[in-house]
Amino acid sequence: MRVLLVNPPYITLTSVYGVGHQVPFGLLCVGGPLIDAGHEVMLLDAEVERLTGAALAARIAAHRPDVVMTGHAGSTPAHPVCLETLRLAREAAPGARTVYGGVYPTYHAADVLNEAPWIDFVVRGEGEVTARELVDALARGADAAAVPGIAARTSGAPKLAPARVISQELDTHRVGWELIADWDRYQCFGMGRAAIIQFSRGCPHRCSYCGQFQFWAKWRYRDPVRLVDEIEWLHREHGVMFVDLADENPTSSKRLWTTLLEELARRALPVRLFATIRAGDIVRDADILSLYRRAGIICILMGIETTDPDTLAAIRKGSTTQTDYEAVRLLRRYGILSMLGHIVGFQEETARTYWRALRQVLAYDPDLLNAMYVTPHRWTDWVAENRDRLVIEEDRAKWDYRHQLLAVRGLRPWQVFTLVKLMEFMVQARPRALARMLFHHDPEIRRHLRWCFRKAGAVWLREIVAFARYRRHAERPRSLAQWFGMDRALTVPRGDSMRRRA
């Protein structure tokens, strides 16, 4: 069958003015098994080509697809544009079957099918096997709605097939890299052609606000040597110079992680890596941080989330402020940039809360700061524990960690926004940070800091302009329980049930 994978035109300030466009990794993961099953697979990246409306519909029609699939890594904020993409697909190719996958539709499958009659199937959970079996069933004329992991309509009503058993072997299915037609479109962090790679899936930790451990069910990993083979192939065949490790927790096993780093260091590839790693694992790995640098890791994002000890305990982060401080210090000692992810809004906050947070972040002395707003997901424990918090942002496209979603007693939205922007400015433009950017002894680090400063500044200014133009919030806020319809059951089993099935 002719399968068209459409990366929806989800355009953000960050992708346009910040880090740049990244490869649609999830669609590529689905595309590889489909190609190997004998289907004719095409990729249309409407995000990077800025295709919308009639132009997008015309491109879809030109491919004459039998099946159109979409989904996005920014699953919640991209939901509206994913729906619109498949609506256009139904109009442009009325005979094609439409398929929607990702984290958000996994947990809202019945809602999606009720909301969007032009969507035929929802892929729940990991898509490599489910999407392939779905297309195989359609090609044979079999009952596609019975494929494990699929949600579809039966007699006009949403029906969920049994959940799919998760794949234990991540090396079983390959990524469809050949679907990328022009690698020059994907350049991130100012380092040239970029790719996304997964060493592992899942996370053994149980932070209350995070839905990743429930979606991925359990921590699994690829063969470290085969992964480095793939990185080397991407560099030699496609000129990839930068790799973003899209793992929730790549360092869960120090033994396997060390093997991966040693293999990267042994091959001495001129490829730089970015990874998200817990502060506690950085401290644990103090004895091998020189290996991190030799392996090509240039920057590490550490999600400290908050500087308040009580909030850290409440969200079950499993870290401490002292650990966070020590991790930043260690990374600097070994020439690796530290980026701190700080989230506001977990608790009812005051201006004094923001002042204390700023002082603590300044004490950490990170190289970079990513300040975000708490973004609730219906299937997480945090939403159940905070069901009475009021939702002031009803535009789903703004549920992207870059906008305030929940009311804060005692602070109006413009005050919260101003405090967050002041924190970003005072951290990024403090004298010590500027001195490193201008005079760091390592020219590569110096160049990267300057690039990040320019890009972060561009996004910072445009977010201020966007807020000044927008500034619309719900006049009659609903609670999280009302917003998510928490009287309705979730559309898939919780993580524990998925693990038992596995």
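Heads up, this note's numbering is the position in the sequence shown plus 103, with the first residue counted as 1.
Note that CB positions come from ideal geometry on N, CA and C, so glycine has one too.
Keep in mind it's a predicted model, so treat the numbers as computed, not measured.
Notebook entry, point to check: Which residues bound the alpha helix (DSSP H) around residue 185?
Noted result: One-based indexing of the sequence shown puts residue 185 at position 82. That run of the alpha helix (DSSP H) goes 182-195.
Check: Between residue 352 and residue 268, what straight-line distance do the alpha-carbon atoms span, to the nearest angstrom?
Finding: On the sequence shown, residue 352 is found 249 positions in, with the first residue counted as 1. On the sequence shown, residue 268 is found 165 positions in, with the first residue counted as 1. In a straight line, the C-alpha of residue 352 is about 21 Å away from that of residue 268.
Check: In or out: residue 517 buried (at least 16 other Cβ within 10 Å) or exposed?
Finding: Taking the first residue of the sequence shown as position 1, residue 517 is located at position 414. Burial call: exposed.
Next item on the list: Just mark residue 257 as buried or exposed, buried being the case when its beta carbon has 16 or more other beta carbons within 10 Å.
Entry: Counting from 1 along the sequence shown, the entry for residue 257 is found at position 154. When all chains shown are included, residue 257 counts as exposed.
Checklist line | Proximity to residue 522 [Cα-Cα], best of 448, 277, 392 and 235 | finding: By 1-based counting over the sequence shown, the position of residue 522 is 419. If we check each option's Cα against that of residue 522, 448 comes out closest.
Checklist line | Nearest-angstrom Cα separation, counted from residue 195 out to residue 163 | finding: Translated into the one-based positions of the sequence shown, residue 163 becomes position 60. Translated into the one-based positions of the sequence shown, residue 195 becomes position 92. Rounded to the nearest angstrom, the gap between the Cα atoms of residue 163 and residue 195 is 6 Å.
Notebook entry, point to check: Any idea if residue 319 is buried or exposed, counting beta-carbon neighbours within 10 angstroms, 16 or more meaning buried?
Noted result: Walking along the sequence shown from the start, residue 319 turns up at place 216. Label assigned to residue 319: buried.
Check: Applying the criterion that 16 or more other CB atoms from any shown protein chain within 10 Å of the CB defines a buried residue, is residue 317 buried or exposed?
Finding: Taking the first residue of the sequence shown as position 1, residue 317 is located at position 214. Buried, because 16 or more other Cβ atoms sit within 10 Å of the Cβ of residue 317.
Next item on the list: Could you spell out the range, first to last residue, of the beta strand (DSSP E) harbouring residue 405?
Entry: Taking the first residue of the sequence shown as 1, we reach residue 405 at position 302. Residue 405 -> beta strand (DSSP E) spans 400-408.
Notebook entry, point to check: Applying the criterion that 16 or more other CB atoms from any shown protein chain within 10 Å of the CB defines a buried residue, is residue 567 buried or exposed?
Noted result: In the sequence shown, counting from the first residue as 1, residue 567 sits at position 464. Exposed, since its Cβ has fewer than 16 Cβ neighbours within 10 Å.
Margin query: According to DSSP, simplified to helix, strand and coil, what is residue 173?
Written below: Residue mapping note: residue 173 aligns to position 70 of the sequence shown, counting from 1. Under the three-state reduction of DSSP output, residue 173 falls in the strand class.
Note to self: If we require 4 or more residues per run, which alpha helix (DSSP H) segments fall completely within the region 265-351?
What the structure shows: Taking only runs of at least 4 residues, the alpha helix (DSSP H) segments lying wholly in the region 265-351 are 315-319 and 327-341.
Notebook entry, point to check: Is the region 351-369 touching the region 504-519, taking contact as three or more C-beta pairs under 8 Å?
Noted result: The answer is no - the region 504-519 does not touch the region 351-369, with fewer than three Cβ pairs under 8 Å.
Item checked: Proximity to residue 172 [Cα-Cα], best of 579, 280, 503 and 221 -> For the purposes of this step, residue 172 is taken as the residue at position 69 of the sequence shown. Considering only alpha carbons, the answer is 221.
Check: Quick check: the region 499-514 against the region 323-336, are there 3 or more CB pairs under 8 Å?
Finding: Verdict: no, contact absent.
Next item on the list: Could you tell me if residue 542 is buried or exposed, where buried requires 16 or more neighbouring beta carbons within 10 angstroms of its beta carbon?
Entry: Taking the sequence shown and counting its residues from 1, the one referred to as residue 542 is at position 439. Exposed is the call here.
Notebook entry, point to check: By how many angstroms is the C-alpha of residue 407 removed from the C-alpha of residue 356?
Noted result: Position 253 of the sequence shown holds residue 356. Position 304 of the sequence shown holds residue 407. Those two C-alpha atoms are separated by around 20 Å.
Margin query: Are the CB atoms of residue 405 and residue 345 within a distance shorter than 8 Å?
Written below: As a position in the sequence shown, residue 345 is number 242, starting the count at 1. As a position in the sequence shown, residue 405 is number 302, starting the count at 1. Cβ distance not < 8 Å, so residue 345 and residue 405 don't count as in contact.
Check: Can you tell me whether DSSP reads residue 237 as helix, strand or coil?
Finding: Locating residue 237 in the sequence shown gives position 134, counting from the first residue. Helix, per DSSP.
Notebook entry, point to check: From residue 106 to residue 154, what distance separates their C-alpha atoms?
Noted result: The sequence position of residue 106 within the sequence shown is 3, counting from 1. The sequence position of residue 154 within the sequence shown is 51, counting from 1. Going by the C-alpha atoms only, they are around 19 Å apart.
Next item on the list: Quick one: residues in its chain with C-beta nearer than 7 Å to the C-beta of residue 118, no 5 flanking neighbours on either side, listed in chain order?
Entry: Along the sequence shown, one-based indexing puts residue 118 at 15. Around residue 118, the same chain offers 124 as residues with beta carbons nearer than 7 Å, after the five sequence neighbours per side are excluded.
Note to self: Can you find the residues in the same chain that come closer than 6 Å, C-beta to C-beta, to residue 602, ignoring five residues on each side of it along the sequence?
What the structure shows: The sequence position of residue 602 within the sequence shown is 499, counting from 1. Bear in mind that the predicted position of residue 602 carries a pLDDT of just 30, short of 50, making it too unreliable to give a figure here.
Next item on the list: Measure the C-alpha to C-alpha separation of residue 288 and residue 151 and round it to an integer number of angstroms.
Entry: Start at 1 with the first residue of the sequence shown, and residue 288 comes out as number 185. Start at 1 with the first residue of the sequence shown, and residue 151 comes out as number 48. In a straight line, the C-alpha of residue 288 is about 7 Å away from that of residue 151.
Item checked: Cβ pair residue 437, residue 392 closer than 8 Å -> Stepping through the sequence shown from its first residue, residue 437 is reached at position 334. Stepping through the sequence shown from its first residue, residue 392 is reached at position 289. It is a contact, given that the beta carbons lie within the stated cut-off.
Notebook entry, point to check: Closest to residue 185 by CA distance: which of 113, 306 and 138 is it?
Noted result: Taking the sequence shown and counting its residues from 1, one reaches residue 185 at position 82. Checking every option, the nearest Cα to that of residue 185 belongs to 113.
Next item on the list: Give every residue of the same chain whose Cβ lies closer than 6 Å to the Cβ of residue 223, excluding the five residues on either side of it in the sequence, and list them in chain order.
Entry: Working through the sequence shown from its first residue, we reach residue 223 at position 120. Only 200 and 201 meet the Cβ criterion.
Check: Do residue 254 and residue 263 have their CB atoms nearer than 8 Å?
Finding: Against the sequence shown, residue 254 aligns to sequence position 151. Against the sequence shown, residue 263 aligns to sequence position 160. A contact, by the Cβ cut-off of 8 Å.
Item checked: DSSP-derived helix/strand/coil call for residue 372 -> As a working note, residue 372 is residue 269 in the sequence shown. Three-state result, residue 372: coil.
Check: CB-CB under 6 Å to residue 535, same chain, minus the five flanking residues each way: which ones, in chain order?
Finding: The count along the sequence shown starts at 1 and reaches residue 535 at position 432. Cβ within range, chain order: n/a, list empty.
Next item on the list: Below 7 Å CB to CB, which residues in the same chain sit around residue 468 once its five sequence neighbours on both sides are set aside?
Entry: Translated into the one-based positions of the sequence shown, residue 468 becomes position 365. 431 and 535.
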